[in-house]
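Undergrad:
Number of protein chains: 2
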Amino acid sequence: MSRRADILVLHGHVFTTAGSGVGYLEDGAVAIAGDRIVDVGQSSQLAAEYEACKTLDATGKAVLPGLIDSHTHSPEALLRGVAQDVPDYMEKAMSPFVRAMTPELALAGTRLHVLEALKAGTTCFTDYCPPYAGWAEFYDQVGVRARLTPTINALAADTMADRTKILYEFDEKAGQHAIEAALEFADRWHRAADGRITVMLGPQAPDMLPVDQLMTVMEHAQKRDLMIHMHVAQGDREHRQMAHRYGMRSIPFLDSIGYLGEQLFAVHLTEATSSEVELMVSRGASMGLCSGAIGLIDGVVPPAAEYRRLGGRVGLGTDSASSNNSISMFNEMKLTALFNKIRHVDPRSMPAWEVFRMATAEGASAIGLADTVGTLEAGKQADVILVDLASLNLSPVLERPIRNIVPNMVYAATGREVHSVIVAGRVLMEGRRILTADEAAIRKEAQEAAEELCRSVLRDPRHAELALLEAMRAGLL
Amino acid sequence: MSRRADILVLHGHVFTTAGSGVGYLEDGAVAIAGDRIVDVGQSSQLAAEYEACKTLDATGKAVLPGLIDSHTHSPEALLRGVAQDVPDYMEKAMSPFVRAMTPELALAGTRLHVLEALKAGTTCFTDYCPPYAGWAEFYDQVGVRARLTPTINALAADTMADRTKILYEFDEKAGQHAIEAALEFADRWHRAADGRITVMLGPQAPDMLPVDQLMTVMEHAQKRDLMIHMHVAQGDREHRQMAHRYGMRSIPFLDSIGYLGEQLFAVHLTEATSSEVELMVSRGASMGLCSGAIGLIDGVVPPAAEYRRLGGRVGLGTDSASSNNSISMFNEMKLTALFNKIRHVDPRSMPAWEVFRMATAEGASAIGLADTVGTLEAGKQADVILVDLASLNLSPVLERPIRNIVPNMVYAATGREVHSVIVAGRVLMEGRRILTADEAAIRKEAQEAAEELCRSVLRDPRHAELALLEAMRAGLL
Chain A
6 MSRRADILVL HGHVFTTAGS GVGYLEDGAV AIAGDRIVDV GQSSQLAAEY EACKTLDATG
66 KAVLPGLIDS HTHSPEALLR GVAQDVPDYM EKAMSPFVRA MTPELALAGT RLHVLEALKA
126 GTTCFTDYCP PYAGWAEFYD QVGVRARLTP TINALAADTM ADRTKILYEF DEKAGQHAIE
186 AALEFADRWH RAADGRITVM LGPQAPDMLP VDQLMTVMEH AQKRDLMIHM HVAQGDREHR
246 QMAHRYGMRS IPFLDSIGYL GEQLFAVHLT EATSSEVELM VSRGASMGLC SGAIGLIDGV
306 VPPAAEYRRL GGRVGLGTDS ASSNNSISMF NEMKLTALFN KIRHVDPRSM PAWEVFRMAT
366 AEGASAIGLA DTVGTLEAGK QADVILVDLA SLNLSPVLER PIRNIVPNMV YAATGREVHS
426 VIVAGRVLME GRRILTADEA AIRKEAQEAA EELCRSVLRD PRHAELALLE AMRAGLL
Chain B
6 MSRRADILVL HGHVFTTAGS GVGYLEDGAV AIAGDRIVDV GQSSQLAAEY EACKTLDATG
66 KAVLPGLIDS HTHSPEALLR GVAQDVPDYM EKAMSPFVRA MTPELALAGT RLHVLEALKA
126 GTTCFTDYCP PYAGWAEFYD QVGVRARLTP TINALAADTM ADRTKILYEF DEKAGQHAIE
186 AALEFADRWH RAADGRITVM LGPQAPDMLP VDQLMTVMEH AQKRDLMIHM HVAQGDREHR
246 QMAHRYGMRS IPFLDSIGYL GEQLFAVHLT EATSSEVELM VSRGASMGLC SGAIGLIDGV
306 VPPAAEYRRL GGRVGLGTDS ASSNNSISMF NEMKLTALFN KIRHVDPRSM PAWEVFRMAT
366 AEGASAIGLA DTVGTLEAGK QADVILVDLA SLNLSPVLER PIRNIVPNMV YAATGREVHS
426 VIVAGRVLME GRRILTADEA AIRKEAQEAA EELCRSVLRD PRHAELALLE AMRAGLL
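Chain order of the listed sequences is A and B. Under this note's numbering, the first sequence has 294 at position 289, and the numbering climbs by one with no breaks. Under this note's numbering, the second sequence has 315 at position 310, and the numbering climbs by one with no breaks.
(1) I need the DSSP call for C459 (chain B), collapsed to helix, strand or coil.
(2) For D443 (chain B), count neighbouring C-beta atoms within 10 Å of its own C-beta (all shown protein chains included) and say buried if the count is 16 or more, exposed if not.
(3) Classify R421 (chain B) as buried or exposed, calling it buried when 16 or more other Cβ atoms lie within 10 Å of its own Cβ.
(4) Just the Cα atoms here: how many angstroms apart are Q47 (chain A) and L381 (chain A)?
(5) Roughly how many angstroms separate the alpha carbons of A271 (chain B) and V306 (chain B), rounded to a whole number?
(6) Threshold first: 4 residues or longer. Then list the alpha helix (DSSP H) segments lying entirely within the region 380-422 of chain A, N to C.
(7) For the beta strand (DSSP E) that A10 (chain A) lies in, which residues bound it at each end?
(8) Residues in the same chain with beta-carbon distance under 8 angstroms from D199 (chain A), minus the five sequence neighbours each way, listed in chain order, please.
(9) Would N330 (chain B) and G114 (chain B) be called neighbours here (beta carbons separated by less than 8 angstroms)?
(10) Per DSSP, which one or two residues make a beta bridge with C129 (chain B)?
(11) Alpha helix (DSSP H) containing T221 (chain A): first to last residue?
(12) Closer than 7 angstroms, Cβ to Cβ, to anything on chain B: give me those residues from the region 46-76 of chain A, in chain order.
(13) Report yes or no: is there a C-beta of chain B within less than 8 angstroms of the C-beta of D393 (chain A)?
(14) Should S325 (chain B) be labelled buried (16 or more other beta-carbon atoms within 10 Å of its own) or exposed?
(15) Please list, in chain order, the chain A residues whose beta carbon lies closer than 9 angstroms to that of F344 (chain B).
(16) Around the C-beta of H118 (chain A), are 16 or more other C-beta atoms found within 10 angstroms, so that it is buried, or is it exposed?
(17) Is the Cβ-Cβ distance between E311 (chain B) and V282 (chain B) less than 8 angstroms?
(18) In chain A, which residues lie less than 7 angstroms from Y144 (chain B) when you measure between Cβ atoms?
(19) Taking the beta strand (DSSP E) that Y55 (chain A) belongs to, which residues open and close that run?
(20) When you compare only the Cα positions, how much space is there between I485 (chain A) and V319 (chain B)?
(21) Can you give the Cα-Cα distance for G322 (chain B) and P308 (chain B), rounded to whole angstroms?
(22) Closest Cβ-Cβ distance between H468 (chain A) and chain B: below 8 angstroms?
(23) For the region 265-330 of chain A, which segments carrying the beta strand (DSSP E) assignment without a break, of at least 3 residues, lie completely within its bounds, in sequence order?
(24) Is the shortest distance between the beta-carbon of K385 (chain A) and the beta-carbons of chain B less than 8 angstroms?
(25) Would you tell me roughly how many angstroms separate the C-alpha atoms of T60 (chain A) and L15 (chain A), rounded to the nearest one?
(26) Q89 (chain B) versus chain A: which residues are under 8 angstroms apart at the beta carbon?
(27) Can you confirm whether L419 (chain B), when its beta carbon is compared against all beta carbons of chain A, has any partner nearer than 8 angstroms?
(28) Using the Cα positions of P401 (chain A) and S279 (chain A), report the straight-line distance between them to the nearest angstrom.
(29) So the alpha helix (DSSP H) I37 (chain A) belongs to, where does it begin and stop?
(30) Using a Cβ-Cβ cut-off of 8 angstroms, state whether R408 (chain A) counts as contacting chain B.
(31) On the DSSP bridge list, what partners appear for P208 (chain A)?
(32) For C134 (chain B), return the contacting residues in chain A, with the cut-off set at a CB-CB distance below 9 angstroms.
(33) Of all Cβ atoms in chain B, is any one closer than 8 angstroms to the Cβ of E189 (chain A)?
(34) Rounded to the nearest angstrom, what separates R478 (chain A) and S461 (chain A) at their Cα positions?
(35) May I ask whether a heavy atom of the ligand ADP can be found less than 7 angstroms away from the beta carbon of A10 (chain B)?
(36) Using the Cα positions of M292 (chain A) and G373 (chain A), report the straight-line distance between them to the nearest angstrom.
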């Protein structure tokens, strides 16, 4: 009892994800002091060595690194369920809702989104949206880790919804304003909350800023050592714009302006070809994979297996409740493993351990936080979750000849088995009760905000173009 | 207050699935008397008309027909998580476990399986396995609906695991014994428990019985008006056997012996060609689709969308915890919708309402229970579930311009939102507490049984061939 800890997690099935595997420890323990992990080992040893203010008994539970959502748009939680099963997600489903969004509504969406995900074990949110008052403050208050990315584009309002334009006209003032706002935001929030909140620069897509503004963003990123978080090779719209404006595809274009490098976290790559994947990996860029969202809105499985086979790092992201309906990294692990088996017609593609690492150690690395989180190791930030295995759908728990815990967390868990969540050494949820926010109030606020948003949409005559109105009339919803 | 009901469900978002849509009723109610639904309508009307022994307040909840699992192998719940991510599921993962199964262990598996599924809203189980003592009795006791199918094959033990044999030798005595056992089982259990338990005849696959025994099974099925429940066109093994033995593919072969008809519920059709699908549908056979299992073990999406486009009926099935890891029809609805979008590279493929109907009205029809269950209509059996929408992951609940409840139940629900379950007018679960079985005892029993099974596997030297042992050694599990 010579060393002091604030929290001692004892008797768990510990998965550290350190090294190249899942790092299993039977009857394992984690000691936390302040915001850091100070020790990981056998329960008998740590129980003998540490005197702790608080002990969490993890008997019958898995103890994991907190899950990392590498790409998500939190305000869109208000739009869950209004935009799926349609051919043109953005124009025929989302756009009237997006037009009606206000900063107040966005905050209600973010709150709902973060709480939903926290209850499913997400501890780190790489959140991407137009910055609004209260956004970062909420992340600060609730206590999760955030990698915030204020959207930067040079588009006039409504450009995205108007597909009649063969080529967007850039609104350079809007672009300049967005860059300045992002930099101000970075000044205020990068490494804030004891480093728990950090900022990435987010040019929205290669087709959404003129080249000189893309270059300006990159210069600022390099000067300030900020990563770039960007949608790349996402689909038809971007492809057409790039072809018309530059006569090039997105990835070669980005390479030509020096964008491909370790500083880049490129999301989606829905349409990336094999040679483009090779180019991205060779330049050291990371990939964000949103399996659920791209499956639901495009019916496509992005080339993440190829990316990884070539040595690239891939993080998993939920994208949004409007494109995915679910903000759960457990869902994302499962869909990634299954979709890749289908893409490759091979049950060996993306086994459980790989997607588990993509949601933890590899995800942390992809978004530039490898030194901070993603594994349970002394010195890392104490982002730890406990998953209750004493649940019918995770039973039985077996050790030999095959240990079935990781496969069952990937293929059988719902996310609701997450029992407790610790971020930076602070217990944010215990026994499924969120300690740092009022769940019932936030759900009620989101419900009222979404109803207000829907009333605005109904006042916009263009909502008559929504593709799902036909399904409503046919009694299918 | 002139009419009496045993149970009145009031103030729900009712989805009847009657007709061709989801049959939505705002502030809807369901009146139940005995084992039947006697009325469905507006809450104000039914509250005025009925005096009920028990009232369930469904405010903020969705009220749905109980979900129908059209194909599943319940004993394999004990094997959850030991057999995924491998190239040869049966030989390199399952077979040592299957060899070690005993009737006592099977019962522990069935109990775990049924309770897991019940907690996720499954009310009807089309369970397929070698019959053992206590199997049907447990279904009777716990109170769910079951369509039990005793496995019939003419294979010597271990045949499935030995791929060195180009052609199985049939063990006709084993086949005869299995037929007799199935008929005895049908005599005892078909239409037992007030009709809640029924029996189907289950020749395991076209390659697993000699033709004369297949014909014998069909004769008995016709004489007794029993459906045939059969694995068809499931993969390489079957295809090779059929090619060697008959020089024919499974579906034309089955047609040649008069098997294709309304009496047939054919499961998987993993390898069915377009013309075979057309033939099946034209003959009136139904299809069982196990999206999760076939995705996980084969990386394949069976041709269910084609089957339905041609007018065929398709039910959804979980298959087993060893092939799918999850026994939840919510999981199955989601995976079916997403996998088909990927197969067809089209977000419109298998929209939420279609898979919702496949798990209810259409599933009932596929397994021959269209007159009994699958919709909420007066005269149907009272199999009803309540789903709590007051959950962060199902929020917000919206009505206009787009009602988002069905999409969110399909794409966002985990199954854990199921609040209460009624089967044949009896409340089996209320507020997530199972009333007809001891959940903790059954989970403990399954854990002990699975550990015993694993000890048997470890004593079998052939377990050294398990593909996942390599992953164990590499620290990946």
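The beta carbon of each residue, even a glycine, is placed where N, CA and C say it ideally should be. Owing to the predicted nature of the structure, the values given are computational and were not obtained by experimental measurement.
TA: The structure says:
(1) For the purposes of this step, residue 459 (chain B) is taken as the residue at position 454 of the second sequence. DSSP places C459 (chain B) in helix when its eight states are reduced to three.
(2) Taking the first residue of the second sequence as position 1, residue 443 (chain B) is located at position 438. Counting Cβ neighbours within 10 Å, D443 (chain B) comes out exposed, since fewer than 16 surround it.
(3) One-based indexing of the second sequence puts residue 421 (chain B) at position 416. With a 10 Å radius around the Cβ and a threshold of 16 neighbouring Cβ atoms, R421 (chain B) comes out buried.
(4) Looking up residue 47 (chain A) in the first sequence gives position 42. Looking up residue 381 (chain A) in the first sequence gives position 376. Annotation: Q47 (chain A) to L381 (chain A) spans about 13 angstroms, alpha carbon to alpha carbon.
(5) As a first step, residue 271 (chain B) is located in the second sequence; it is residue number 266 there, counting from the start. As a first step, residue 306 (chain B) is located in the second sequence; it is residue number 301 there, counting from the start. Linking A271 (chain B) to V306 (chain B) through their CA atoms gives a straight-line distance of about 16 angstroms.
(6) Counting only runs of 4 or more, we get 410-416.
(7) Taking the first sequence and counting its residues from 1, the one referred to as residue 10 (chain A) is at position 5. Looking at the DSSP string, the run of the beta strand (DSSP E) that includes A10 (chain A) is 8-20.
(8) The residue labelled residue 199 (chain A) in the question sits at position 194 within the first sequence. Here the set comprises D40, A429.
(9) Here the question's residue 330 (chain B) lines up with position 325 in the second sequence. Here the question's residue 114 (chain B) lines up with position 109 in the second sequence. The answer is no: Cβ separation not under 8 angstroms.
(10) Looking up residue 129 (chain B) in the second sequence gives position 124. Per DSSP, the beta-bridge partners of C129 (chain B) are B:I73, B:R150.
(11) In the first sequence, counting from the first residue as 1, residue 221 (chain A) sits at position 216. Start and end: 216-229.
(12) For chain B, none of the residues of the region 46-76 of chain A brings a beta carbon within less than 7 angstroms of one of its beta carbons.
(13) To locate residue 393 (chain A), count along the first sequence from 1; it is residue 388. Not one chain B Cβ lies under 8 angstroms of D393 (chain A).
(14) Numbered from its first residue, the second sequence carries residue 325 (chain B) at position 320. By the neighbour-count rule (16 or more Cβ atoms within 10 Å), S325 (chain B) is buried.
(15) Residue mapping note: residue 344 (chain B) aligns to position 339 of the second sequence, counting from 1. Listed along chain A, the residues sitting closer than 9 angstroms to F344 (chain B) by beta-carbon distance are G300, L343, F344, I347.
(16) Counted from its first residue, the first sequence places residue 118 (chain A) at position 113. With 16 or more other Cβ atoms within 10 Å, it is buried.
(17) Reading the second sequence from its first residue, position 306 is the one you call residue 311 (chain B). Reading the second sequence from its first residue, position 277 is the one you call residue 282 (chain B). In this structure, E311 (chain B) sits near V282 (chain B), with a CB-CB distance shorter than 8 angstroms.
(18) The residue given as residue 144 (chain B) occupies position 139 in the second sequence. The contacting residues do not exist; Y144 (chain B) stays about 17 angstroms from chain A at best.
(19) Numbered from its first residue, the first sequence carries residue 55 (chain A) at position 50. 55-62 is the extent of the beta strand (DSSP E) around Y55 (chain A).
(20) Because chain A in this structure spans residues 6 to 482, residue 485 (chain A) falls outside the shown range and cannot be described.
(21) Numbered from 1 along the second sequence, position 317 holds the residue referred to as residue 322 (chain B). Numbered from 1 along the second sequence, position 303 holds the residue referred to as residue 308 (chain B). Rounded to whole angstroms, G322 (chain B) to P308 (chain B) spans 15 angstroms at the Cα level.
(22) Translated into positions along the first sequence, residue 468 (chain A) becomes position 463. Taking 8 angstroms as the CB threshold, H468 (chain A) lines the interface with chain B.
(23) Complete beta strand (DSSP E) runs here, min 3: 269-273, 291-294, 319-321.
(24) Taking the first sequence and counting its residues from 1, the one referred to as residue 385 (chain A) is at position 380. Judged by the 8 angstroms Cβ criterion, K385 (chain A) is not in contact with chain B.
(25) Position 55 of the first sequence holds residue 60 (chain A). Position 10 of the first sequence holds residue 15 (chain A). Going from the Cα of T60 (chain A) to the Cα of L15 (chain A) covers about 7 angstroms.
(26) Position 84 of the second sequence holds residue 89 (chain B). Near Q89 (chain B) (Cβ distances below 8 angstroms), the residues of chain A are P352, P356, A357, P412, Y416.
(27) For the purposes of this step, residue 419 (chain B) is taken as residue 414 along the second sequence, with counting starting at 1. Before going further, note that residue 419 (chain B) is Thr rather than Leu in the sequence given. True, the Cβ-Cβ gap to chain A drops below 8 angstroms.
(28) Here the question's residue 401 (chain A) lines up with position 396 in the first sequence. Here the question's residue 279 (chain A) lines up with position 274 in the first sequence. Using only the alpha carbons, I get a separation of about 41 angstroms.
(29) Counting from 1 along the first sequence, the entry for residue 37 (chain A) is found at position 32. Unbroken run through I37 (chain A) is the beta strand (DSSP E), 29-38; no alpha helix (DSSP H).
(30) The residue you call residue 408 (chain A) lines up with position 403 of the first sequence. With 8 angstroms as the cut-off, R408 (chain A) counts as an interface residue toward chain B.
(31) Indexing the first sequence from 1 puts residue 208 (chain A) at position 203. For P208 (chain A), which the question treats as bridged, DSSP gives the partners A:I157.
(32) In the second sequence, residue 134 (chain B) corresponds to position 129, counting from 1. Those within 9 angstroms of C134 (chain B) in chain A number zero; the least Cβ separation is about 18 angstroms.
(33) Looking up residue 189 (chain A) in the first sequence gives position 184. Not one chain B Cβ lies under 8 angstroms of E189 (chain A).
(34) Stepping through the first sequence from its first residue, residue 478 (chain A) is reached at position 473. Stepping through the first sequence from its first residue, residue 461 (chain A) is reached at position 456. Counting only the Cα atoms, S461 (chain A) lies some 20 angstroms from R478 (chain A).
(35) Judged by which ligands are present, the structure shown has none, so any question about the ligand ADP falls away.
(36) Taking the first residue of the first sequence as position 1, residue 292 (chain A) is located at position 287. Taking the first residue of the first sequence as position 1, residue 373 (chain A) is located at position 368. Rounded to the nearest angstrom, the two C-alpha atoms are 12 angstroms apart.
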